[in-house]
Every structure is written in structure tokens, then in C-alpha cells.
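Okay, so the sequence shown: first residue is 414 according to the working numbering, each after it adds one.
So the structure is just underneath, and the comments pick up after that.
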Amino acid sequence: MIPTPDLSHIRKEDYERVYEPAEDTFLLLDALEEDEALIQQLKPSICLEIGSGSGCVTTLLAKIVGNKNAVFFTTDINPFACETTQQTGLHNGITQIEPIRTSLVDAIMPRLKNRIDILCFNPPYVVTTHEEVGSMGIEASWAGGIDGREVIDQLLPLVKVCLCKDILSPQGIFYLLLINENKPDQVVQLMKETYKMNAKIIMERRAGREKQFIVKITH
Ligand SMILES: C[S@@+](CC[C@H](N)C(=O)[O-])C[C@H]1O[C@@H](n2cnc3c(N)ncnc32)[C@H](O)[C@@H]1O
């Protein structure tokens, strides 16, 4: 078992500026750990986490991959999250994290089209008003707009809509965290029917009033 990354370098007050790992984060960590053998077999060379926050997920992924030549891009709209992600990697002996402050994959597409072997996204999924979406501060951690789907729905067509916008490599895997209100079954159907991808719910867990899911998407 790979230990959860050490986050002792992050001060309590820092969590007023960056998302503090919570049950959703840990469900994503568990899904990656569950697929440890599969991920290692894939020998990923380029990974991407969208919305990396503290950097906890990418740091664990880098430990699973275990290849010093692999590169781990992260994006976040919040500049402090990018800084924290880098620090978390270094604090845990991971030097190959390259944080990029951008929305979703704006700064890296189409350069990295079809190059991402492992893609992770624990998105802002909370149902809010449309007006709350789009901040660059801590609110961006949760504000998901209508059905909590506004940020998620900006990304889904990019996974496979046309060749120039494909993100995943042919053997790539996308791990997406959703909650009940995001209509995970509908996302699975959308990925299958509209984008002709394989998609299934591989984990689900209740966290207080929230029911959280991991959807796994592949070509
Ligand atoms: C629920 S938090 C998850 C943080 C971390 N990955 C984790 O699991 O603990 C969502 C993250 O997405 C970021 N985010 C929100 N909108 C974004 C966007 N359009 N592009 C990139 N990152 C975004 C937030 O700043 C926040 O860090």
C-alpha cells in the first residue's frame, strides 16, 4: 500500500486559499491505488491532473507510476494551488511535477493531443448558481454551477470530440470524480453514445450527505 502523501508542509491557513483534501480526494486516491498494477503495466510517460489543488493526487500517482522519466502535468485555475502542488511533490520526493496555471487544458492543447496516459479530475462539482462559477480563488474548488456540471461539461467534449482535441493516448485512462447531483449515469451514457468511449462507474462511496462516484473512461 502506498502511503497518502505527507501534507505537513501545508499550513492550516493555507487551506483558506487551496482545497483541503477531503473524502472526494481520498476516493480518487483509492481508485488509483486499486488500479496500481494496471497503471504500472501501462508504463505512463505523460500524466495530467486537472484541478490539482494541494497536489495530493498527482503526488500519489507519481509514486504509483514510479518512473523518474515520466512527467506529471497539473493544471489549476488558482495560482496558489499550482504553487502548493509543486511544493507537495517536492516535499514527498517527487520532482517531475509541472504545474500550469490555466483553465482545464487550455494551455496544453493541442500540443499534448493524444499524449495523456493517465488523466485525473476531481472537479468543482457542487450545485451552485451559474454566477458563482469562474473564480480563481478557493470558491473555484467547489462552485460547479447548474447540476454542478458546468465545469465538467466544458471538459467532456475535449476528451474525444474530434482528432485535434483528443486528450487521451490510445491506451489512456481518465478517472473522473462525480457526485449524484452531477448525474453520473448520464455522464457515462454521454461518453459512450456521443463520444464513443468506454465509460463505467468503478467506485462509489457515501460521504455525509454526498454520494461520490469514480467514472473510468477509456477509448
Ligand atoms: C474539488 S477541488 C480538487 C482538488 C484536488 N485535486 C483534490 O482532489 O483534493 C477542484 C480543483 O479544481 C480547480 N479548478 C476549478 N475550476 C477549474 C478550471 N476551470 N480549470 C482548472 N482547475 C480548476 C480548483 O481551483 C480546485 O483546485
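For every residue, glycine included, the Cβ atom is placed at its ideal position computed from N, Cα and C.
Predicted model, so just to flag it, every value in this text is computed and none were measured.
Environment of residue i [buried if 16+ CB atoms lie within 10 Å]
i: Ala-494; result: buried
i: Ala-520; result: exposed
i: Ser-421; result: exposed
i: Ala-450; result: exposed
i: Leu-576; result: Residue placement at Leu-576 is poorly supported in this model, since its pLDDT is 36, which falls under 50; the coordinates are not used for a value here.
i: Gly-479; result: exposed
i: Asp-419; result: exposed
i: Ala-620; result: exposed
i: Met-604; result: buried
i: Gly-506; result: exposed
i: Ile-415; result: exposed
i: Ile-452; result: buried
Close-in-space but distant-in-sequence residues of the same chain around residue i (CB under 7 Å, 5 per side omitted)
i: Val-574; result: Model confidence at Val-574 stands at a pLDDT of 43, short of 50, so the residue's coordinates are unreliable; what they give is reported in the following sentence. Hits under 7 Å: Tyr-608.
i: Thr-438; result: Cys-469, Val-470, Asn-535
i: Thr-541; result: Ala-556, Gly-557, Gly-558
i: Glu-623; result: Ile-592
i: His-504; result: Asp-419, His-422
Proximity test, residue i beta-carbon vs ligand 1 heavy atom, cut-off 6 Å
i: Val-540; result: no
i: Gly-621; result: no
i: Asp-489; result: yes
i: Tyr-432; result: yes
i: Ser-548; result: no
i: Gly-666; result: Because residue 666 is not part of the residues shown, which for the chain are 414 to 632, the question remains open.
i: Thr-438; result: yes
i: Ala-450; result: no
i: Gly-464; result: yes
i: Val-628; result: no
i: Val-564; result: yes
i: Pro-570; result: no
i: Asn-595; result: no
i: Ala-553; result: yes
i: Pro-537; result: yes
i: Ala-494; result: yes
i: Val-601; result: no
i: Val-478; result: no
i: Val-470; result: yes
Residue i beta carbon near ligand 2 (any heavy atom closer than 6 Å)
i: Leu-517; result: Summarising the ligand content, the structure contains ligand 1 and does not contain ligand 2.
Close-in-space but distant-in-sequence residues of the same chain around residue i (CB under 6 Å, 5 per side omitted)
i: Arg-618; result: Leu-440, Gln-625
i: Ser-516; result: Ile-490
i: Ile-586; result: Ile-531, Thr-631
i: Ile-565; result: Pro-536
i: Tyr-432; result: Gly-466, Ser-554
i: Glu-462; result: Val-470, Thr-471, Thr-487, Cys-533
i: Pro-512; result: Thr-487, Cys-495, Thr-498, Gln-499
i: Val-546; result: Ala-556, Gly-558, Glu-563
i: Arg-514; result: Pro-492, Cys-495
Residues near residue i in its chain [Cβ-Cβ closer than 8 Å; skip 5 each side]
i: Lys-613; result: Val-601, Val-628, Lys-629
i: Glu-429; result: Ile-551
i: Val-518; result: Leu-461, Ile-463, Thr-488, Leu-525, Leu-568, Leu-571, Ile-580
i: Ser-582; result: Ile-459, Asn-527, Arg-528, Ile-529, Asp-530
i: Gly-502; result: Gly-468, Thr-471, Thr-472, Ala-475, Phe-485, Thr-508, Gln-509, Ile-510
i: Asp-427; result: Phe-493, Thr-497
Inter-stretch contact (C-beta, 8 Å, three-pair minimum) for the region 436 to 452 and the region 474 to 491 | yes
Does the region 543 to 555 come close enough to the region 584 to 597 that 3 or more CB-CB pairs lie under 8 Å?
-> no
For the 8 Å Cβ check, are there 3 or more pairs between the region 494 to 508 and the region 557 to 567?
-> no
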